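Going by my numbering, the sequence shown opens with residue 9, and the numbers climb by one from there.
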Amino acid sequence: MGTAKVRAILDTFEYDGVRLLPGRCSDQAARARAVYFSVPDDDILKGFREKAGLPAPGAGMRGWCVETSACIFGQLLSGMARLSRATGDAPLRNKALALFDGWRKTIAPGGDARMRLYDWEKLVCGLVDLQAYAGCGDALPVLEESTAWADRTFDRTRRPADNHHFQGDGPRQTIEWYTLPENLYRAYLLGGNPAFKTFAGLWLYEDYWNRFAETAEPAGVVAVHAYSHVNSFSSAAMAYAVTGERRYLTVCANAYDFLQRTQCYATGGYGPDERLMPPDGALGRSLELYAGHAEIPCGSWAAFKLSRYLIALTGEARFGDWIETLLYNGIGAALPTEPDGRTFYYGDYRLSSGIKQYYWYEWPCCSGTYLQTVADYHNVIYFKNPSGLFVNLFVPSEAAWWHGGERVVVRQETDYPEADTSTFTFEMERPVRMALAFRVPGWSTGVRAAVNGSPAAVNAEPGTWARIERQWSRGDRVTVTIPLRLRASPIDAQHPKRVAILWGPAVLAQDEACCRRPLALEAGADLADQLVQEGPARFRILDTAPERHTRFLQPFHTFPAFWPYWVYFDLDAAPLY
């Protein structure tokens, strides 16, 4: 194994020991598993086999994958490896191994994967994950040979992205070259081959990262490709882990703060027209200009990873807020990928009403990141270290691990965010002394906890871990209460009255199907006086306009395909009659 210069303060469960209990997350993961498992291996491999001159049965794939599945192949391997390890799903693991075995027979001499850098970067992730999570001992040796080919052949111009080349493409198909280091560093740490580390170092994106090295308010923000540039910060995080240069961690933290302050919609999505916006009100104006406001599966994947790295490397709870926001309003509100490759791609938050619909080409990049992100649910709910368990998300789930020589199981039961409580139950053979810490959301107030029915003294400062440290016994119960409230979230500083309305972490949207008139609220008035709760996270709108139909706000994630809605509202706009 390679040597990391930095040890994480908090560890992930690495897809081992966390189980999703019945709820929205488990339903989404189960559906994703069924869909991706149903795609025939021969269809996925057909294009590779044809290019290699081998027999190529199967119907093949469509859309982005009509020639080969290279643009998502590594992501499929990755998602299957992660999800199969998390769930103990042997058939899914075997499918990933069979795809790897079929693909490796199509490699040209010298490790030639017949892929662009864009495709090969995803392949690196898939091969690392096969080795790490599926026990595929041949994955890294194949990657070593292919890395030598990539080292000989990839164009090293490494052009920084700009307004004309917003993905940084060089003369020869090198878009998103700056995302390469992350998984090459992971390969180095997993297998110890210094060639991976050396090759990763060639692709560090110093030109872009340097602007975040000393500030979270960089000057001269360029409208570069949003998803890939956010994804690049995961490479900076791994550069910190491998080299120990603190500057890379500072870059990641400052970038996170910059993105939260200037780039994110209330849903956690970002990147209208796939671009980062200058912080001059452009984000607010984007609601008037575009329908494609955020690449949801890809953007969620990049945000999950950056946030997860920051939680692990800093130990700070505040970085979990972005994961929570996307869990309910981003990837958790996405339409599921369909067996024919139809994929939800863009979040639509237009002022003229939005709609959820599938992308116009099958099997795009977001079909690969969809599987990876849903698999990652198992790796972002809990963290651990020798002091105890850290709860990042309030999701029906179970965590099992060894602490002080004792196997501990903590079961979380919750209807959050429809309800404001989560209950944690301990199971173990003998009492164990440890901390149970839970993230206090940055938007929250009045968070409290009780142990076995008695109030527990906790420091519940927003954006921190609230800790309860004691000796725990079998059957002990902790109830965490996060009071839910209505709040208005302005889209940016230049548009303080252009807001989304949230109930706790959940964005509420207005159903437009029977009434084509947006919510009219008085700026500065108390939302609770204008919205009447009539069910879990469901509110009837009160206003003075004559109306034949009762109008409601309800969680954005409940809206199905092709059902119109409003997410953003102008509080100072004249009502439409």
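Glycine included, C-beta positions come from ideal geometry on N, C-alpha and C. Quick caveat: nothing in here was measured; it's all calculated off a predicted structure.
Assuming residue i and residue j form a contact by the criterion Cβ under 8 Å, report the distance between their Cβ atoms to the nearest whole angstrom.
i: S243; j: P189; result: 4 Å
i: V132; j: L105; result: Between L105 and V132 the Cβ distance is about 18 Å, and since that is not below 8 Å, they are no contact.
i: F391; j: D19; result: 6 Å
i: V238; j: L267; result: 7 Å
i: V507; j: Y573; result: Contact doesn't hold; Cβ gap of about 15 Å is too wide.
i: V259; j: L197; result: Actually they do not touch by this definition, with Cβ atoms about 20 Å apart.
i: Y378; j: A342; result: 7 Å
i: V14; j: L321; result: 7 Å
i: D49; j: G110; result: 6 Å
i: L148; j: L135; result: 7 Å
i: Y353; j: Y367; result: 4 Å
i: G376; j: Q83; result: 3 Å
i: P130; j: G10; result: Residue 130 is actually Lys in this sequence, not Pro. Not really, about 21 Å apart at Cβ, beyond 8 Å.
Give the secondary structure of residue i by DSSP, where H, G and I count as helix, E and B as strand, and everything else as coil.
i: V382; result: helix
i: D580; result: coil
i: W211; result: coil
i: G323; result: coil
i: P189; result: helix
i: M69; result: coil
i: V418; result: strand
i: Q175; result: coil
i: P563; result: strand
i: M246; result: helix
i: S515; result: Before going further, note that residue 515 is Val rather than Ser in the sequence given. In this structure, V515 counts as strand in the three-state DSSP scheme.
i: P372; result: coil
i: V399; result: strand
i: A156; result: helix
i: E406; result: strand
i: Q538; result: coil
i: G340; result: helix
i: R548; result: strand
i: D329; result: helix
i: R27; result: strand
i: G118; result: helix
i: F312; result: helix
The alpha helix (DSSP H) spanning residue i covers which residue range?
i: Q268; result: R254 to T270
i: G55; result: D49 to K59
i: W511; result: Looking at the DSSP string, W511 is not in any alpha helix (DSSP H); the run it does join, the beta strand (DSSP E), is H503 to W511.
i: D109; result: A98 to R112
i: A40; result: R32 to S46
i: V132; result: L125 to A142
For residue i and residue j, what's the separation of their Cα atoms in angstroms?
i: R283; j: H233; result: 5 Å
i: S92; j: L579; result: 47 Å
i: Y256; j: D215; result: 13 Å
i: Y336; j: Q139; result: 31 Å
i: A533; j: R546; result: 19 Å
i: S430; j: I490; result: 8 Å
i: Y585; j: L492; result: With a pLDDT of 39 at Y585, under the threshold of 50, the modelled position of that residue is not reliable, and no figure is offered here.
i: E421; j: F446; result: 14 Å
i: R269; j: G289; result: 12 Å
i: E75; j: G450; result: 46 Å
i: D170; j: A42; result: 40 Å
i: L297; j: R358; result: 8 Å
i: A38; j: D51; result: 22 Å
i: A227; j: S308; result: 26 Å
i: F21; j: A60; result: 39 Å
Within the continuous beta strand (DSSP E) that includes residue i, where are the two ends?
i: K392; result: Y390 to N393
i: E477; result: W473 to W480
i: T433; result: T429 to E435
i: M442; result: V440 to R447
i: A457; result: R456 to V459
i: T95; result: Taken as a continuous stretch (DSSP letters only), T95 belongs to no beta strand (DSSP E), being part of the alpha helix (DSSP H) at A78 to T95.
i: I499; result: L494 to D500
i: T487; result: R485 to T489
i: S462; result: S462 to A464
In the stretch 283-308, which residue ranges form an unbroken beta strand (DSSP E) of at least 3 residues, counting only runs that do not cross its ends? none
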